[in-house]
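Numbering (the UniProt record's numbering), first residue to last: 1 to 648.
Below is one structure, written out as C-alpha cells; the observations come after it.
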Ligand code: MFK
C-alpha cells in the first residue's frame, strides 16, 4: 500500500489493520453486504456458494466480526453542557456583564444547558423524525387544511415560553443586558430546537414591530401573548412576505390586496408562496390597499403592513386555504406552506404605504436570529467534531493527535470566534437601543452591522458545517448520525431573510440613507478597538494588518465615491465582506487585549487578521467593478448558452 510509505504512520500498528483480507476471487464482493450487518444476504438471495468459498467464509467469520468491532464501529461523539463547554461565550459574559447580572445569568445558562442536554435535545431529534404532515380533507371529505405537528414540536413551544425565550428580551430585568441574555439562550437552544428557532425568530420580530408602533391598544393583547412565559398563553407569529413572484423584490412581487370593511378591518386576498412556521397563531404580512380611485398602487409605496390571526376562536382558519407544504432541503421539522388568503380578516397596523419600512423592524430582528442560528450551527459542529477527534482512532492514534486534522478544526474555530463576537456586538447594541441607552452612533452602527453579520455568518456557517461534516469522514454523511440535518438546516441561512446579494444591497441602503454617516461611525468604532490593543505587543502584527486594511477601505470608499452607483453595486458583496472581516477582526483584537486574555484569544485574533481583510480594495485594483468587467461577467456566464447565440 503506497500510503504506508508515508513516514509519520508507517510504524503505526493501525497500518496492519487496514490490510485487506486475502479473499478468494469473488468472495470479497459476496462478503461486503453481510459484513455490515452480520446478515448473509448472499445466501439469503438464494445464490449458490461453492464449498470452498463457504469454508473461507466460515474461517473468516470470527476474525471478521471482531475486526468490525475494532475498526468499523466508532464511538459516538458526546458533548456535555454546551454552555459550560463554550469557553469564548463564558469569557465574553465574564468580561462584559456587571457582576450581579453575570451571577444570575450564569446560573440560568448553566441550568438551561443541562435542560437542553437531558430534555430538549431528544425532543429536537423527535421533531426531525416526525416532520409536519398536511391533511387537506377529513375522512368524510370535508376540507380541513390541517397541519399536523408532532408532540415534541408542540412541547418546544411550551418550553420556549417557560424559558422566556422571547419574554426575556422584553421584560428587561437586566436593563440593556436582557437582550444579550435572551440571545445567548436562543444561541444555546438553536441546535437542539428541532427547527423551533424559526417561529421564535418571527415571534420576536412581531413583538418588536408592535413595540416599535408604540403598543397600539388593538395589539396590546397580541404583544402579551407573544412575550408570555405561560405555555398556555404563548403565541408564535409568522412573517408572510414572499409571494409567487419572489421573495427578494417584495415591492414588485407583492400581489396581495386588502379590501377595507365597514368596521374598519380589512380582508386580504392573495397567494403567499413561502410562509414558514405556518402553524403559528398570528402573522404579519404585506398587502396593497386601494387608493381613493380604487386602484392598487404598485411598488414599495403601495405596500402596507397587516396583522392577522391565523385561526378564529373556534380554531377555524381565517379564510385561509393551505395549498400544500413546501418540500424543502432542510428545516423539515418546521411546516412551510403555500397559503391562499381568500378574504382573511386583518388589521392594518402601519400607515398606508409604509409597509416595507414597518416590517423592516421585524426583518432586522429575524436577521439577528439568523446570525444566532449561524453561529450556533458552527459551534455545534465544532463541538461534535472536537469530541469525535478525541475518540476516533485512525492510523494508530486519535484524530486529535494528527496535526493536520487539528489545523482544520482550528481554522473553523477561528471563523466561529469572529462570527460569535459579531453576534455579541449586535445584541449588545440592540440592548442599548431598546433601553434608550444607545447613542446615535450606536444606532447607526447597529443598522449597518445587522445586514453585514447576517450575510457574512450565513456564508461562514455553510462553509464551516460542510468542513466539519468532512471531519467525521463517511460517518458525517450518514443520516442517522444527525450531522446531515445540521448541514441541511444551516444551508438555508444564507438564503432566507435576504440572500447575500440582497443583504449587500441593504448595506448600501444603510450608507445612502445615512448619507455616509454609518461609515464614519464604523471606522471610528474599529479605530477605538485597535487603540485599546496598541499596548499589547503580541497583537502588534494583527493591529498592523487591521490598520492597513482600514486604510485600503478608506481609499476604496474615496475612489468608489467618484465612480458612482454602478461601481458600488458591483462592489457591494466584497465591500460587505470587508466590513465583516475588519469589524470581526477588531472585536477579536479587543477581546484578546483584555488583561486576562488567554494565548488562544491572541492567536485567534492574529489568525483572523492573516486572512485577506479588505477584498474590496483588491478587486478594485483588479478592475473588477469596471463596466467592461461587468460585460465580461456576462460573457463568461453565457458562453455556449442559447442566450449568448441569440445576442450575436
Ligand atoms: C433563523 C431565523 C429564521 C427566520 C425564519 C424566517 C422564515 C421566513 C422566511 C421568509 O419570510 S424570508 C423573507 C424575508 N424577506 C426578506 O428578507 C426580503 C428581502 N428583500 C429585502 O430586504 C429588500 O431589500 C426590501 C424588501 C427591503 C426592499 O424593499 P424596497 O421597498 O425596494 O426598499 P426601499 O424602498 O429601499 O425601502 C423602503 C423603506 O424601508 C425605506 O425607508 P424610508 O421610506 O423611510 O426611506 C428603507 O430605509 C426601509 N428599509 C428597508 N430595509 C430596511 C429598512 N429600514 C431598516 N432596516 C432595513 N433593513
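Cβ atoms here follow ideal geometry from the backbone N, Cα and C, with glycine treated the same way.
Item                                                                                                                                                              : Value
Whole alpha helix (DSSP H) elements within the region 171-201, 4-residue minimum                                                                                  : 177-190
Residue 120 vs residue 213 beta-carbon contact at 8 Å                                                                                                             : no
Proximity to residue 542 [Cα-Cα], best of 571, 609, 597                                                                                                           : 609
Span of the alpha helix (DSSP H) around residue 490                                                                                                               : 483-491
Neighbourhood of residue 521 by C-beta, 6 Å cutoff - its chain only, sequence neighbours within 5 removed                                                         : 441, 444, 445
Selected residue, minimal CA-CA separation from residue 287, among 619, 555, 399, 344                                                                             : 344
Min CB distance residue 621 to chain D below 8 Å                                                                                                                  : No chain D is part of this structure, which consists of one protein chain only.
Residue burial classification, residue 249 (beta-carbon count within 10 angstroms, cutoff 16)                                                                     : exposed
Element boundaries [beta strand (DSSP E), containing residue 696]                                                                                                 : In the structure as shown, the chain begins at 1 and stops at 648. Residue 696 is therefore absent and cannot be evaluated.
Supposed contact pair residue 602 and residue 586 - C-beta distance, whole angstroms, cut 8 Å                                                                     : Between residue 602 and residue 586 the Cβ distance is about 15 Å, and since that is not below 8 Å, they are no contact.
In chain order, each alpha helix (DSSP H) run of at least 4 residues that lies wholly inside the UniProt domain "Acyl-CoA oxidase/dehydrogenase middle" (239-342) : 250-253
Rounded C-alpha distance that separates residue 223 from residue 544                                                                                              : 48 Å
Proximity below 8 Å, CB of residue 579 to CB of residue 507                                                                                                       : yes
Host alpha helix (DSSP H) of residue 706 (start-end)                                                                                                              : Shown here, the chain extends from 1 to 648; a query on residue 706 therefore has no answer.
Residue 106: CB within 7 Å of a non-hydrogen atom of ligand 1                                                                                                     : no
Same chain only: Cβ atoms within 7 Å of residue 644, ignoring 5 sequence neighbours per side                                                                      : 638
Residue 137, enclosing beta strand (DSSP E) - first and last residue                                                                                              : 133-137
Spatially closest choice to residue 423 from 181, 486, 219, by CA coordinates                                                                                     : 181
Residues that DSSP places opposite residue 393 in a beta bridge                                                                                                   : 398
Three CB pairs or more closer than 8 Å across the region 196-207 and the region 269-287                                                                           : yes
Residue 262 versus residue 268 - alpha carbon distance                                                                                                            : 14 Å
Whole-angstrom distance between residue 128 and residue 185, CA atom to CA atom                                                                                   : 21 Å
Burial state of residue 370 (16 or more Cβ within 10 Å)                                                                                                           : buried
DSSP bridge partner residues for residue 143 (one or two, in chain order)                                                                                         : 137
Residue burial classification, residue 635 (beta-carbon count within 10 angstroms, cutoff 16)                                                                     : exposed
Buried versus exposed, by CB contacts within 10 Å (16 or more), residue 174                                                                                       : buried
Any non-hydrogen atom of ligand 1 closer than 7 Å to residue 366 Cβ                                                                                               : yes
Cβ shell of residue 14 (< 6 Å), same chain only, five flanking positions each side left out                                                                       : The predicted position of residue 14 is uncertain, since its pLDDT is 34 and thus under 50; a value taken from the coordinates is nonetheless stated next. 395, 396.
Of the residues 241, 140, 109, the one placed nearest residue 183, counting alpha carbons only                                                                    : 109
beta-carbon residue 242 near ligand 1 non-hydrogen atom, thresh 7 Å                                                                                               : yes
Residue 348 - DSSP class collapsed to helix/strand/coil                                                                                                           : strand
Beta-carbon contacts of residue 514 that lie in its chain and below 7 Å, excluding the five residues immediately before and after                                 : 444
Residue 274 CB to nearest heavy atom of ligand 1 below 7 Å                                                                                                        : yes
Residue from 144, 570, 240 with nearest C-alpha to residue 627                                                                                                    : 570
Through-space distance from residue 558 to residue 583, alpha-carbon basis                                                                                        : 19 Å
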